[in-house]
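The opening residue of the sequence shown carries number 29 in our numbering; numbering runs sequentially from there.
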Amino acid sequence: MRKIQVVGTNGKGSVCTYLANILTAAGYKTGLYTSPHVQKKEERIAIDGVQISQQEFDRLLGGKEPEKHVFLRYTEACMQYFEEQGVEIAVLETGLGGRLDPVSRYKMDETVITTIDLDHMQVLGDTIEQITMEKCATIGYQGYVVSMPQQPSVRKIIEVTSQLQNARLIFSDPEEILWHEDGTFDYQEYIGLETKMLGKMQPLNAATAAIAARALSHVGIFITPEHVRRGIANTAIPARQQYLKEQDMLVDGAHNEGALRELWATLDAQFADRKLVLLAAAMAEKD
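Written out as structure tokens, the structure reads:
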């Protein structure tokens, strides 16, 4: 089973889901592991877009919900399930940080790095450089690394770590996104892409997933532009700038400064002519 680890602060869930859907469209049996869930824990584990059943998840957990080391137990259950079901490629979202995350216990064929920002500082460090080093600890020797654009100090750490690990590094580039009047966009050889997801970062998330999928050719995984188009078009994730038409409500899980900036940009672009009511909730450790 080939394995791809996605680390970063924002955009991990979107990039993971785009990537998994591209690989499914290409005919590979693809497992997707994400966190956190919105309503029920079964959302975390899916194969080709089909979530694990409650019965299966409970069986893998030994019939009871773990009282401690919850994320470790969920990760072990996920990997066991993927092995049992004959998954060919697993797309694995890192829950927190990178170096000490349970997902990092497994040998990866590729590492994808989304935008890095200040978050979980009580665990990962007080500066963005410390946080970046925690996340870059996932880069394997002679591995493949695909990163979204980063601020200069973050990019430098990614470049140096990749060089020390003799890993091949590729950055996605928003300057290469070409928009069309019909709302579709091109990225490099991928023409006429369209996403259902709101947010100005979503085309770059999708483009990053596309080049991450393309980079898997080094392990014998091949995709075409049509696979990329279908995978991106089929992607929709709950609570990621999700507009609920009947309730006339936008729901998002923004939980740090960078994500809030992206949410505000969407509100400004889509609802600038309307009076908005903001309802927010946050964990106690948030500023």
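For each residue, glycine too, the CB sits at the ideal point set by N, CA and C.
- Contact annotation: threonine 223 and alanine 237 have beta-carbon atoms that are not nearer than 8 Å.
- Beta-bridge annotation (DSSP): threonine 252 is not paired with any residue.
- The three-state reading of DSSP puts valine 43 in helix, counting H, G and I together.
- The Cβ neighbour count for phenylalanine 110, taken over all protein chains shown within 10 Å, is at least 16; the residue is labelled buried.
- Residue pairing by DSSP places phenylalanine 199 opposite Ser175 in a beta bridge.
- For the segment 88-143, the continuous beta strand (DSSP E) assignments of 3+ residues that do not extend past its boundaries occur at 117-121 and 138-141, in sequence order.
- At a Cβ-Cβ threshold of 8 Å, arginine 30 and valine 188 do not count as neighbours.
- Residue environment: alanine 300 is assigned as exposed (fewer than 16 neighbouring CB atoms within 10 Å of its CB, all protein chains considered).
- Using a C-beta cut-off of 8 Å, the segment 37-54 makes contact with the segment 253-260, since at least three inter-stretch Cβ pairs fall below that distance.
- Each residue's CA atom was taken as its position, placing threonine 37 and glutamate 204 some 23 Å apart.
- Looking from the CA of glutamate 116, the closest CA among Leu60, Leu226 and Leu146 belongs to Leu60.
- Taking tyrosine 215 as the centre and dropping the five residues before and after it, the same chain places the C-beta of Glu204, Ile205, Leu221, Ala235 and Ala238 closer than 7 Å to its C-beta, in chain order.
- Within the same chain, and ignoring the five residues on either side of arginine 127 in sequence, the residues whose Cβ sits closer than 6 Å to its Cβ are Glu162 and Ala165.
- According to the DSSP assignment, lysine 31 belongs to the beta strand (DSSP E) that extends over 30-35.
- Glutamate 95 and phenylalanine 85 have their alpha carbons spaced roughly 15 Å apart.
- Straight-line spacing of the CA atoms in glutamine 82 and valine 119 works out to 21 Å.
- Between the alpha carbons of arginine 87 and methionine 107 lies a gap of roughly 14 Å.
- Collapsing the DSSP output to three states places leucine 226 in coil.
- Straight across, the Cα-Cα distance linking alanine 310 with alanine 240 is about 32 Å.
- Residues Glu70, Glu71 and Ile73 of the same chain have their beta carbon placed closer than 8 Å to that of glutamine 79, with the five preceding and five following residues left out of the count.
- If you keep only unbroken beta strand (DSSP E) runs of at least 3 residues inside the segment 47-94, you get 58-61 and 73-75.
- Counting only runs of 4 or more residues that sit fully inside the segment 231-303, the alpha helix (DSSP H) segments are 253-261 and 285-298, in chain order.
- Following the DSSP letters along the chain, one finds isoleucine 167 in no alpha helix (DSSP H), marked with neither H nor E.
- Taking a contact to require three or more Cβ pairs closer than 8 Å, the segment 178-193 and the segment 206-213 do not qualify as touching.
- In its chain, beyond the 5 residues on either side, Tyr169 and Gln170 have a beta carbon closer than 8 Å to the beta carbon of asparagine 194.
- Contact check for valine 34 against glutamate 104 fails: the beta carbons are separated by 8 Å or more.
- The shortest C-alpha to C-alpha distance from lysine 303 to any of Asp276, Ala287 and Glu285 is the one to Asp276.
- A check of alpha carbon separations from serine 200 across Ala243, Ala53, Lys68 and Gly91 identifies Ala243 as the nearest.
- By the CB criterion at 8 Å, arginine 183 and serine 42 fall outside the cutoff.
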